[in-house]
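Trainee: Just passing along the structure, written as structure tokens.
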Amino acid sequence: MQIIQIYPQGHLLLAIAELLLIFWSISLWHKSNNLAIILSLIVLVSIGYDNVVLFAGSLLEPGDLLLYLNKIRFLIHYLFLPLLIVVGVDLANRARAAWATTIIKRLSWVLAISLGVLDVLRRYVGSTFEPEYFAGITSYYSPNVFPVTTIAVTIFMVLIGVGILIRSRGKLPWLFIGTLAAFLGNALPASSFGTLPASLSEFVMILSLLVTERDVTFAPESFFVVDSGNLVTEYKNGA
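Here my numbering is used: the first residue of the sequence shown is 535, the next is one more, and so on.
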């Protein structure tokens, strides 16, 4: 199969897979009633829309409609991706991390909203978007804008993944694996590799995030190592 067929079909398959994840995340939320899952769902919807628009770029000619769809894609990405900071702090809190206090959880909201607004002002308002063609897909991009927030959020989630891996004594490696994949995938320049590697890595990240949400929510307390004063102790069932 030629690369000109692989990329559009790849984005379509990712959009379908993300639709299935949306239904699964709604099911998880009904079982746990946890706000972090709703925030993960919002991010999931945004990257699902991202893949729909990129697939549409294989069908539509460059013009106002495709530009408008891409502008929405950028806007929701800039606004919603920082919500992963809130999700990460919430996961750390439920994994018994002593630093993830109520104050830190509130500050994570302030930071996420601030980064979202800053990204919109810096990368969206007043920006010019230029068409780019790669492997059968026409998309738009804003030149000369470095994705600082995307990199910072991804690194933060990698660190949260490392923390959960340690506190679960290696039983919950999925977030670390998924966020590391996202970091590596987003590091590949779209001008050379196209949009599919980054989209695939984001799918792996959100899947690992939802799996970790499920495991942290329903795991027995014996999964986690917790801080008690200056000592590190283990949660035990029935303790």
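Cβ coordinates follow ideal geometry from the N, Cα and C atoms, glycine included.
#1: Tell me, to the nearest whole angstrom, how far the beta carbon of Ala626 is from that of Gly697; I am working on the premise that it is less than 8 Å.
#2: Would you kindly report the start and end of the unbroken alpha helix (DSSP H) that includes Phe663?
#3: Roughly how many whole angstroms lie between the Cα atoms of Phe614 and Gly650?
#4: Hey, quick one: how far does the beta strand (DSSP E) through Thr672 stretch, first residue to last?
#5: Would you mind reading off the limits of the alpha helix (DSSP H) that contains Leu641?
#6: Where does Val687 land, buried or exposed, given buried means 16+ other C-beta within 10 angstroms?
#7: So, using beta-carbon positions, are Ala716 and Glu747 closer together than 8 Å?
#8: Spatial neighbours of Leu603 within its chain, please: C-beta separation below 6 Å, excluding the five flanking residues on both sides.
#9: Within a Cβ cutoff of 8 Å, which residues of the same chain sit near Tyr612, ignoring the five residues on either side of it in sequence?
#10: Taking Cβ positions, are Leu609 and Thr672 nearer each other than 8 Å?
#11: Under a three-way DSSP split, which group does Asn604 fall into?
#12: For Asp584, does the count of other Cβ atoms within 10 angstroms reach 16, so buried, or fall short, so exposed?
#13: Roughly how many angstroms separate the alpha carbons of Phe589 and Leu706, rounded to a whole number?
#14: Mapping DSSP to helix, strand and coil, what is Glu747?
#15: May I ask you to report which of helix, strand or coil DSSP gives Ala724?
#16: Can you tell me whether Trp563 is helix, strand or coil according to DSSP?
#17: Quick check on DSSP: helix, strand or coil for Asn568?
#18: Could you tell me how far apart the beta carbons of Leu744 and Val621 are, in whole angstroms, since I believe they sit closer than 8 Å?
#19: Can you tell me whether Phe717 is helix, strand or coil according to DSSP?
Mentor: Straight from the coordinates:
#1: To locate residue 626, count along the sequence shown from 1; it is residue 92. To locate residue 697, count along the sequence shown from 1; it is residue 163. Taking a contact as a CB-CB distance under 8 Å, the pair Ala626 and Gly697 counts as one, their CB atoms being some 6 Å apart.
#2: For the purposes of this step, residue 663 is taken as the residue at position 129 of the sequence shown. Neither: Phe663 is in no alpha helix (DSSP H) and is coded neither H nor E.
#3: Along the sequence shown, read from residue 1 onward, the residue named residue 614 stands at position 80. Along the sequence shown, read from residue 1 onward, the residue named residue 650 stands at position 116. The straight-line gap separating the alpha-carbon atoms of Phe614 and Gly650 is approximately 7 Å.
#4: Taking the first residue of the sequence shown as position 1, residue 672 is located at position 138. Looking at the DSSP string, the run of the beta strand (DSSP E) that includes Thr672 is Ile671 to Tyr675.
#5: Reading the sequence shown from its first residue, position 107 is the one you call residue 641. Here the alpha helix (DSSP H) through Leu641 covers Thr636 to Arg657.
#6: Your numbering for residue 687 matches position 153 in the sequence shown. Val687 is classed as buried because its beta carbon has at least 16 other beta carbons within 10 Å across all chains shown.
#7: Start at 1 with the first residue of the sequence shown, and residue 716 comes out as number 182. Start at 1 with the first residue of the sequence shown, and residue 747 comes out as number 213. Note that the C-beta distance between Ala716 and Glu747 is not below 8 Å.
#8: Working through the sequence shown from its first residue, we reach residue 603 at position 69. Counting only Cβ-Cβ distances below 6 Å, and skipping sequence neighbours, we find Val587.
#9: Taking the sequence shown and counting its residues from 1, one reaches residue 612 at position 78. For Tyr612, where only same-chain residues beyond five positions count, the Cβ hits under 8 Å are Gly650, Asp653, Val654, Arg657, Tyr658 and Thr683.
#10: Here residue 609 refers to the residue found at position 75 when the sequence shown is read from its first residue. Here residue 672 refers to the residue found at position 138 when the sequence shown is read from its first residue. Going by C-beta atoms, Leu609 is not nearer than 8 Å to Thr672.
#11: Counting from 1 along the sequence shown, the entry for residue 604 is found at position 70. Looking at Asn604 - three-state DSSP - the assignment turns out to be helix.
#12: The residue you call residue 584 lines up with position 50 of the sequence shown. So Asp584 counts as buried.
#13: Reading the sequence shown from its first residue, position 55 is the one you call residue 589. Reading the sequence shown from its first residue, position 172 is the one you call residue 706. Rounded to whole angstroms, Phe589 to Leu706 spans 33 Å at the Cα level.
#14: Residue numbering aside, residue 747 sits at position 213 when the sequence shown is read from its first letter. Reduced to three states, the DSSP call for Glu747 is helix.
#15: Along the sequence shown, one-based indexing puts residue 724 at 190. Ala724: helix per DSSP, three-state reduction.
#16: Start at 1 with the first residue of the sequence shown, and residue 563 comes out as number 29. The three-state secondary structure of Trp563, taken from DSSP, is helix.
#17: As a position in the sequence shown, residue 568 is number 34, starting the count at 1. Coil, per DSSP.
#18: As a working mapping, residue 744 is identified with position 210 in the sequence shown. As a working mapping, residue 621 is identified with position 87 in the sequence shown. With 8 Å as the limit, Leu744 and Val621 do not qualify as a contact, their Cβ atoms being about 10 Å apart.
#19: Position 183 of the sequence shown holds residue 717. Correct three-state label for Phe717: helix.
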